[in-house]
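A.B. asks: Chains as they are written, first to last, in our numbering: chain A, 54 to 296; chain B, 1482 to 1739; chain C, 9 to 281. Where a beta carbon is used, it is the ideal one built from N, C-alpha and C, also for glycine. Could you have a look at this structure, given as structure tokens, before my questions?
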Amino acid sequence: MTCSHINSGPAAVELRQIHKSFSLGLLNTKKKRILNGVSLCVEPGQLVGLSGPSGSGKTTIGNIALGLSRADSGRVLWNGRELNYLPRKEKKRLRPRFQKIFQDPALSFAPFQTLEKSFRDVLRFLFLDKMQAEKRLSMLMQEMKLEQNILKRPPGKVSGGEIQRLALIRCILAEPFFLVADEPTSRLDPLVQAQVARQIQTMAAEKGMGVLFISHDFSLLKVLCHKVLRLENTSLIPAWQTE
Amino acid sequence: MLNIEKLSISSKYDPENLLVRDISFSLPENSVFNLVGETGSGKSILAWAMAGILPEDLLANGRITISGLPISPGNNGHPDDNTFLVPQEPGMALNPTMKIISQVAEIFRWPGKRSRSESWKKAQDILGQLGLSRFFAQGYPHELSGGMNQRCAIAMALSSPASLIIVDEPTKGLDANLKLQAVELLVKLMEKGKTLLCITHDFTVAGLLGGRTGVMLNGEIIEQGSTDQVLNDPKQQYTRDLIMALPENGLHAPWESR
Amino acid sequence: MKNVSTVLAGHGTPMHSIYLLLIPAGLGALSLLPGLDPFSQDLMNRLAGPGREHILGTDQFGRCILARIAHGTYISLGAAIIISLGSAILGSILGMIAGYTRGVTDILISRLVDTTLAFPGILLALMITGLTKGGVMVLAVALIITTWPDYCRVARSVTRTCSSAPYIQAAVLSGFPVWFILYRYVLPQVARPILPLVSLGIGKSILALSSLGFLGIGIKPPMPEWGAMISDGLPYLRSAAHLSLIPSILVFITVFACLRLAGTMEYKNPSTI
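Structural data, given as structure tokens:
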């Protein structure tokens, strides 16, 4: 499957012929193949759904696309440029613009400090102007119907929906080109799930970021995404697409 | 007959602030009570209290009786034999160093007081009924998929002498196919004469199981009734919102409702 | 007394052990007073028992025992603290780097740890003090070299487990530099198991220092030091037992308090990763 290039620009993230195997266990030298020639393309502003049985390697695809883990072979392209050949400086600049939100949002913030501190760290390495950065943060929080004072709490003391929205804000602050949403709603009730999912959808459309939405809930993906892929037996098959 | 009267749970250090407030419901034998509702509204805490494994810093008050026998809610050191909890992540709750068949056999062996060979045979039987062949029964939990671990946990529930089985999110992380399988297993549990308390986010699961349904919000059951009535003709605005927010119904997200 | 019994029974909080540690700490602080000279000899008054002029009596050269004890405490305890803090800092930094970067750096550091661990610590310290002129600092460096691998291994394994945690991944994705991630996000997790180890380490280094002092290869006389004082007092064990006894008791109290401190700190620190 190659990129169709509906838009003129390059894809936010493109994977070409990715192979990946894991070795299981301490003494086991046999390797288990997880991904066998997987190709994937996410355009700016496009939501791509990824479903598949649990343990099939959906998270691994996301991590490879973000450069968090390495593929055995194959190419990863960020904005049309190969990740492995990016100059160091360029990679450092692009790093925060490829983001991820996690299945357990409470664990994606450091448990030993308040949310405010976590956000201050993020802002410290993103922006030069402190005033402008804080203004952006409070604007985003207002936009997502969050109260300012929840930042005073540690991540464990905030409800699941709120913290997942905060995690989304943390990603948006970096103005990402690409976002991996790894089962972001599987621990939330239907109402909060709808809120978070809709928020991701709105942000993708407004900021023009590509989203890889990983979920086992096919009906959710069908409502939310432009196309849905299914990972089965180590390869990706198209499962559904909007007309 | 399961009867719960005015069950409240609070932190030991802050008894005024109730995490679960005045839960009362009852249900006849061989039936199911589905508990749906908000994330963090105290559904799991309620399950822990009923299974007698409440964390030490929480305090439970109230009366629970199962077919007339009172069980003490909370945590008195020895969980009641009459309840069995299938936890949220069976893969994590199973012993990683034991083959699943020995784990199931253990239940026949100790609470059931049977001989070693007999309990192994019974375990084999019950795993077979749930579609886990001899080959998989010899595996360790981490070698099996999430669905298989789920079946193993349900096999343990089936073989335990408990009459009340509490399942916490039995379909979490399962795709549509496995979800149906899990529901079938739960129905099988009821057919074998167990009473079921099913905690779930998933309205499809509640609909398939039938029975009665309660909707929880902020530690209270705000609405309860037969599953049919709650799903098709909800009385409360929150329940209506929940149902409209399902992907099948269009993933509506009303911000004002919270 | 109740305090001591609680600590002995293994209950109590870290504070109880810290009270116990105030005894050697107070003695150490005493050495900073100008009046106490551990070197001046009063040969007319050798091996005197506790009395007016010298509260704890004098040793075989007529030196004030209280002064020597105070200075010995200052040196032994100070060196022990420097040694265990130094090796904890060195070990934690190397361990965090090894656990976080993995790859070649990890292999290099881990093999270095294995090599150091395979070498008998006391022998290495003996060798280093033998090759150099000796002195407290050399001894401290020698003991740091032999003890840092313990901290390094713990720090490395904790770092490895917690570096796959979502919040570390999120930090990586936010573009934080490696030093910042290690300092702000990994260090708090690593500190949990390391802090009790530091306390254990103080106790262990006091024992090591005393053993070396006892063997006569530690801190050179006439500098007072617990181990050397114990061995110096041995010939007079029958006539003037307090020469050896007082430093022995001090070694016992300090090591015991350090071990208990480590124990209670572990108890207070349910590991949550």
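1. Bridge partners of Lys-210 (chain A), per DSSP?
2. Measuring CB to CB, does Leu-85 (chain C) end up less than 8 Å from Thr-272 (chain C)?
3. Check each residue of the segment 1649-1683 of chain B: if its Cβ is closer than 8 Å to any Cβ of chain A, include it; give the result in chain order.
4. With a cut-off of 8 Å, does the C-beta of Pro-1592 (chain B) fall near any C-beta of chain A?
5. Name the one or two DSSP bridge partners that Asn-1515 (chain B) has.
6. Going by the CB atoms, is the gap between Ser-1507 (chain B) and Asn-1542 (chain B) shorter than 8 Å?
7. Taking only beta-carbon positions, decide if Ala-1528 (chain B) is within less than 8 Å of chain A.
8. Please report the distance separating the alpha-carbon of Gly-1473 (chain B) from that of Glu-1570 (chain B).
9. Can you pull the chain B neighbours of Gly-115 (chain A), defined as C-beta to C-beta under 7 Å?
10. Among residues of its own chain, excluding the 5 on either side of Asn-1518 (chain B), which ones have a beta-carbon nearer than 6 Å to its beta-carbon?
11. Output, in sequence order along the chain, the residues in the segment 171-183 of chain C whose CB is closer than 8 Å to any CB in chain A.
12. In terms of DSSP beta bridges, what is Ala-148 (chain C) paired with?
13. Since Cys-94 (chain A) is in the beta strand (DSSP E), which residue starts that stretch and which ends it?
14. Cβ of Ser-279 (chain C) less than 8 Å from any chain A Cβ?
15. Note down, in chain order, every chain A residue with its Cβ under 9 Å from the Cβ of Arg-110 (chain C).
16. Taking C-alpha atoms, which residue in B:Lys-1602, B:Arg-1721, B:Ala-1687 and B:Gly-1572 lies nearest to Ile-1582 (chain B)?
17. Taking only the alpha-carbon atoms, compute the straight-line gap between Ile-153 (chain C) and Thr-113 (chain C) and give it to the nearest angstrom.
18. Strictly below 7 Å CB to CB, what residues from chain A border Pro-201 (chain C)?
19. Helix, strand or coil for His-1623 (chain B)? Go by DSSP, reduced to three states.
20. I'd like to confirm the pairing. Which residues does DSSP put opposite Gln-1569 (chain B) in its beta bridges?
21. With a floor of 3 residues, list each beta strand (DSSP E) that falls wholly inside the segment 1533-1616 of chain B, ordered by position along the chain.
22. Any Cβ of chain B within less than 8 Å of the Cβ of Ala-247 (chain A)?
23. Closer than 7 Å by beta-carbon distance: list the chain A residues that pair up with Asp-1606 (chain B), in chain order.
24. Do Ile-1647 (chain B) and Thr-1564 (chain B) count as a contact pair if the criterion is CB distance below 8 Å?
25. Find the nearest neighbour of Phe-178 (chain A) within the set A:Glu-96, A:Gly-209, A:Ala-227 and A:Gly-62, judged by alpha-carbon distance.
26. Going by C-alpha distance, which of C:Met-23, C:Gly-224 and C:Pro-232 is nearest Phe-47 (chain C)?
27. Taking the C-alpha atoms as reference points, what is the distance between Ala-1534 (chain B) and Gly-1555 (chain B)?
28. With DSSP run on the structure shown, which of helix, strand or coil describes Glu-1650 (chain B)?
29. Just to confirm, does His-62 (chain C) get its C-beta within under 7 Å of one of the non-hydrogen atoms of the ligand MG?
30. If I measure Cβ to Cβ from Ser-1600 (chain B) and keep anything under 6 Å in the same chain, skipping five residues before and after, which residues do I get?
31. Taking all protein chains shown into account, do 16 or more other C-beta atoms lie within 10 angstroms of the C-beta of Ser-191 (chain A), making it buried, or fewer, making it exposed?
32. With a cut-off of 8 Å, does the C-beta of Leu-68 (chain A) fall near any C-beta of chain C?
33. Could you list which residues in chain A have their beta carbon closer than 9 Å to that of Ala-1726 (chain B), in chain order?
34. Would you kindly check if the distance between the Cβ of Val-180 (chain C) and the Cβ of Leu-121 (chain A) is under 8 Å?
35. Let me check one thing: in DSSP terms, what residues is Phe-266 (chain A) bridge-paired to?
36. Since Gln-294 (chain A) contacts Lys-280 (chain A) with CB under 8 Å, what's their CB separation in whole angstroms?
C.D. replies: Working from what's here:
1. Its beta-bridge partners do not exist; DSSP assigns none.
2. For Leu-85 (chain C) and Thr-272 (chain C), no; Cβs fall outside 8 Å.
3. Against chain A - using a Cβ distance shorter than 8 Å - the residues of the segment 1649-1683 of chain B are Lys-1653, Gly-1654, Leu-1655, Asp-1656, Ala-1657, Leu-1659 and His-1682.
4. Taking a beta-carbon distance threshold of 8 Å, Pro-1592 (chain B) does not count as an interface residue toward chain A.
5. Beta-bridge pairing by DSSP links Asn-1515 (chain B) to B:Cys-1679 and B:Thr-1694.
6. Contact: no.
7. Not a single CB atom of chain A sits nearer than 8 Å to the CB of Ala-1528 (chain B).
8. What is shown of chain B runs 1482 to 1739, which leaves residue 1473 (chain B) out entirely.
9. Per Cβ cutoff of 7 Å: no residues; Gly-115 (chain A) is ~16 Å from chain B at best.
10. Before going on, a small fix: residue 1518 (chain B) reads as Gly here, not Asn. Only Val-1696, Met-1697 and Leu-1698 meet the Cβ criterion.
11. Cβ contacts with chain A: Ala-173, Pro-174, Tyr-175, Gln-177, Ala-178, Ala-179, Val-180, Leu-181, Ser-182 and Gly-183.
12. Paired residues: none, contrary to the question.
13. Here the beta strand (DSSP E) through Cys-94 (chain A) covers 84-95.
14. Confidence is the limiting factor: at Ser-279 (chain C) the pLDDT is only 40, short of 50, which leaves the residue's position unreliable, though a coordinate-based value still follows. For Ser-279 (chain C), the answer is no, since every Cβ of chain A falls outside 8 Å of its Cβ.
15. Residues of chain A passing the Cβ test: none, with the nearest at roughly 12 Å.
16. Per the Cα distances, B:Lys-1602.
17. Straight-line measurement puts the Cα of Thr-113 (chain C) at about 19 Å from the Cα of Ile-153 (chain C).
18. Those within 7 Å of Pro-201 (chain C) in chain A number zero; the least Cβ separation is about 15 Å.
19. Under the three-state reduction of DSSP, His-1623 (chain B) is assigned to helix.
20. Assignment of beta-bridge partners to Gln-1569 (chain B) by DSSP yields no partner.
21. Counting only unbroken stretches of 3 or more residues, the beta strand (DSSP E) elements lying wholly within the segment 1533-1616 of chain B are 1539-1547, 1550-1552 and 1564-1567, in sequence order.
22. At least one CB atom of chain B sits nearer than 8 Å to the CB of Ala-247 (chain A).
23. None at all; the shortest Cβ gap to chain A is about 27 Å.
24. Closer than 8 Å, so yes.
25. Nearest to Phe-178 (chain A) by alpha-carbon distance, out of A:Glu-96, A:Gly-209, A:Ala-227 and A:Gly-62, is A:Ala-227.
26. Residue C:Pro-232 is the option with its Cα nearest to Phe-47 (chain C).
27. Correcting the residue type first, residue 1534 (chain B) is Ile in the shown sequence and not Ala. Each residue's Cα considered, the two are about 7 Å apart.
28. Looking at Glu-1650 (chain B) - three-state DSSP - the assignment turns out to be coil, as it is neither helix nor strand.
29. Annotation note on the ligand MG: not contained in the displayed structure, which lists no ligands.
30. Apart from the 5 residues on each side of it in sequence, Ser-1600 (chain B) sits with its Cβ closer than 6 Å to the Cβ of Ala-1586, Phe-1589 and Arg-1590 in its chain, given in chain order.
31. Around the CB of Ser-191 (chain A), fewer than 16 other CB atoms lie within 10 Å, so the residue is classed as exposed.
32. Answer no: the Cβ-Cβ gap between Leu-68 (chain A) and chain C never drops below 8 Å.
33. Going along chain A in sequence order, the residues near Ala-1726 (chain B) (Cβ under 9 Å) are Asp-242, Pro-243, Leu-244, Val-245, Gln-246, Ala-247 and Gln-248.
34. Taking 8 Å as the Cβ cut-off, Leu-121 (chain A) and Val-180 (chain C) qualify as a contacting pair.
35. Answer is A:Gly-102 and A:Ala-234.
36. Contact holds; Cβ gap of about 4 Å.
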